[in-house]
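Residue numbers (the numbering used here): 922 to 1215. First up is the structure itself, then whatever we jot down about it.
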């Protein structure tokens, strides 16, 4: 609430900058009481709106956690039955039956992946995701991730290459979370890179940051879809395309990067490929000045 403004124009300008209302001078006590009452009602409404929004967000998080937990157990059982069926009688099935069972196994795997990402995203937002952040060498994280994804790339006839300096400064991070980030992005690239294509992981660094780019020469992403790819449940593939996924993998990657004070970005040319760029801050060396100050 403001007073003392000579013109309506100046009062409106002040309100645009955050004032609730204005009271011209001179004024009488009734005007002041009425305006004070409206201001208090407005404040109480804002407080209640904020409370209801927070309550709604908490209910959504609780619902996600509940559903995810309830889905996890039956999915594990279904997967185990499919594996047992293949082990016990797989060699007696006709080819078309084998293909049906294989599709079922892939769908169950996708659902398990979605539930895992869903739970982790919820935990990150709640601040309850356990991450053991220590000083680590990002090169070892990348090497492990590439090693895990190499069999899939060989199976699909895709070359997987890395270019990295001989030594990198340490970063502070959680090993398992970062491995999941890199395997998610490389795995995503394999879905859209054709046989004979290439995925290249390139690492660069300076005194303050390490940048990792993961480039493919696949189908690329349409410009209008680029701003949406980190949104939950968004998938670039059309419904009739063969590429499967939870639509949560890149959302998980973005959340993990944010929890490491890092940044993930993407650029793409449709028909030429995509480049995901991950930027990590180098660990602060508190021994430089002996005081721990930057």
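Glycine is no exception: its CB is placed at the ideal position from the N, C-alpha and C atoms.
Which of helix, strand or coil DSSP assigns to residue i
i            : result
residue 1169 : coil
residue 1203 : coil
residue 1147 : helix
residue 1048 : coil
residue 1194 : strand
residue 1088 : coil
residue 922  : The pLDDT assigned to residue 922 is 47, lower than 50, so where the model puts this residue is not dependable, and the model offers no usable value.
residue 1161 : Only weak support exists for where residue 1161 lies, its pLDDT of 41 falling under 50; the coordinates are left without a value.
7 Å Cβ shell around residue i - same chain, five flanking residues per side excluded
i            : result
residue 1151 : 1171, 1172, 1175
residue 1057 : 1091, 1092, 1094, 1096
residue 1161 : At residue 1161 the pLDDT is 41, less than 50, meaning the model places this residue with poor confidence and gives no usable figure here.
residue 1169 : 1035, 1038, 1039, 1042, 1153, 1154
residue 1117 : 1078
residue 1007 : 1022
residue 1106 : 1135, 1174, 1197
residue 1002 : none
Cut-off 8 Å between Cβ atoms - residues of its own chain near residue i, not counting five sequence neighbours on either side
i            : result
residue 1183 : 1199, 1200, 1201, 1202
residue 1195 : 1110, 1113, 1136, 1137, 1139, 1141, 1142, 1187, 1188, 1189
residue 1082 : 1119, 1120, 1121, 1122
residue 982  : 1043, 1046, 1047
residue 974  : none
residue 1089 : 1058, 1059, 1060, 1124, 1126, 1131
residue 955  : none
Unbroken alpha helix (DSSP H) run spanning residue i, endpoints
i            : result
residue 1190 : Taken as a continuous stretch (DSSP letters only), residue 1190 belongs to no alpha helix (DSSP H), being part of the beta strand (DSSP E) at 1184-1190.
residue 1081 : Here residue 1081 belongs to no alpha helix (DSSP H); instead the beta strand (DSSP E) covers 1080-1084.
residue 1062 : 1059-1077
Sequence-distant residues of the same chain with beta carbon closer than 6 Å to residue i, five excluded per side
i            : result
residue 1099 : 1062
residue 998  : none
residue 1192 : 1141
residue 1124 : 1085, 1133
residue 1032 : 996
residue 1076 : none
residue 869  : One cannot answer for residue 869 here, as it falls past the ends of the chain, which runs 922 to 1215.
residue 1004 : none
Element boundaries [beta strand (DSSP E), containing residue i]
i            : result
residue 1092 : 1092-1094
Does the structure place the segment 1017-1029 close enough to the segment 1040-1052 that three or more beta carbon pairs sit under 8 Å?
Judged by Cβ distances under 8 Å, the segment 1040-1052 makes no contact with the segment 1017-1029, as fewer than three pairs qualify.
Length-filtered (3 minimum) beta strand (DSSP E) runs lying within the segment 1102-1139:
1119-1126, 1130-1137, all fully within the segment 1102-1139.
The segment 1033-1051 in contact with the segment 1070-1086 per 3-pair CB rule at 8 Å
No, they do not touch.
3-residue-minimum beta strand (DSSP E) runs that sit fully inside the segment 973-1053, ordered along the chain:
DSSP runs (the beta strand (DSSP E)) wholly in the segment 973-1053: none.
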